[in-house]
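Read through the structure below, which is laid out as structure tokens, and then see the notes.
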Amino acid sequence: MKFVAKIELFLVALWLGAACFFSFGVAPNLFSILPSSEMAGAVVNRTLSIVNFSGLVIGLTLILTSLIPRNDAKRFWIWLQRFLVFVMGAACGAGQLIIGIYLEHLRGLIGRPIDELAADDPLRIQFNLWHQYSVWILITAMVAALLAFFIISRSSPGSVKSPKSIPDFELPDELKM
84 MKFVAKIELF LVALWLGAAC FFSFGVAPNL FSILPSSEMA GAVVNRTLSI VNFSGLVIGL
144 TLILTSLIPR NDAKRFWIWL QRFLVFVMGA ACGAGQLIIG IYLEHLRGLI GRPIDELAAD
204 DPLRIQFNLW HQYSVWILIT AMVAALLAFF IISRSSPGSV KSPKSIPDFE LPDELKM
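Counting from 84, one number per residue, gives the positions in the sequence shown under the numbering used here.
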């Protein structure tokens, strides 16, 4: 079962790395480099859909692989891993299939670049609110994935050395007091 745990660890790390790269690298830089926020938003929206769909697929895959029986794993850690992976996948699914679709609907209602709307326009206020929901749900998925990463790495066989395997260290006589 070492192989399955390593695959699980790889998948969580892969998605978490992609989500961090998107959140801290791609999205902020696009808004600072591209000439219009509308263009940056289109690229960010497309990239975020890849992150969200991959998080949903990886979450479902990890839930299925957690059902493989393991001799040495404790039930509590398996269920905690399943819960965290479920939160990650559900957050990605909700971010894409609920929030993302509603933001597209709002963009269609607005019909022009969002920056052209007044700050107190009800559609802009609603768009900003749903955008914040999108940010918070991605953060939730990332935190759940990070915690799942540590749980999977903790529970994978051979990941923690027992004290018996650490060799005794003897000081040379010159250093003893």
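Glycine residues also receive a C-beta, built at the ideal position from the N, C-alpha and C atoms.
- Query: Between P255, L200, M171, which lies nearest to I308 when the distance is taken from Cα to Cα?
  - Reply: This structure gives no information on residue 308, because the portion of the chain shown stretches from 84 to 260.
- Item | L150 Cβ short of 8 Å to the ligand ATP heavy atom set | Of ligands this structure carries none, so the ligand ATP is not represented either.
- Message: Among V126, G138, R190, whose alpha-carbon lies nearest the alpha-carbon of C175?
- Response: Position 92 of the sequence shown, counted from the start, is the residue given in the question as residue 175. The residue with the shortest Cα to Cα distance from C175 is G138.
- Item | Nearest to G183 (by Cα), restricted to the options R195, N211, L200 | Taking the sequence shown and counting its residues from 1, the one referred to as residue 183 is at position 100. The option with the nearest alpha carbon to G183 is N211.
- Message: Do V95 and I222 have their beta-carbon atoms positioned less than 9 Å apart in this structure?
- Response: For the purposes of this step, residue 222 is taken as the residue at position 139 of the sequence shown. For the purposes of this step, residue 95 is taken as the residue at position 12 of the sequence shown. Not closer than 9 Å, so no.
- May I have the straight-line CA-CA distance separating V243 from G191, to the nearest angstrom? Within the sequence shown, the letter at position 160 stands for residue 243. Within the sequence shown, the letter at position 108 stands for residue 191. With a pLDDT of 47 at V243, under the threshold of 50, the predicted position of this residue should be treated as unreliable, though the coordinate-derived value follows. C-alpha separation (whole angstroms): 53 Å.
- Would you mind stating whether S149 and R165 have Cβ atoms separated by less than 9 Å? The residue given as residue 149 occupies position 66 in the sequence shown. The residue given as residue 165 occupies position 82 in the sequence shown. Inclusion of S149 and R165 in the CB contact set at 9 Å is warranted, their separation being smaller than that value.
- Task: Give the straight-line distance between the Cα atoms of Q179 and F136, rounded to the nearest whole angstrom.
- Result: Along the sequence shown, read from residue 1 onward, the residue named residue 179 stands at position 96. Along the sequence shown, read from residue 1 onward, the residue named residue 136 stands at position 53. Linking Q179 to F136 through their CA atoms gives a straight-line distance of about 7 Å.
- Alpha-carbon to alpha-carbon, L145 and S245: Mapped onto the sequence shown, residue 245 falls at position 162. Mapped onto the sequence shown, residue 145 falls at position 62. In this prediction, S245 has a pLDDT of 48, which is less than 50 and means its spatial position is unreliable; what the coordinates show is noted afterwards. Within the model, the alpha-carbon separation for S245 versus L145 is close to 27 Å.
- Within 9 Å, strictly: CB atoms of D198 and S120: Counting from 1 along the sequence shown, the entry for residue 198 is found at position 115. Counting from 1 along the sequence shown, the entry for residue 120 is found at position 37. With contacts defined as CB atoms closer than 9 Å, D198 and S120 qualify as a contacting pair.
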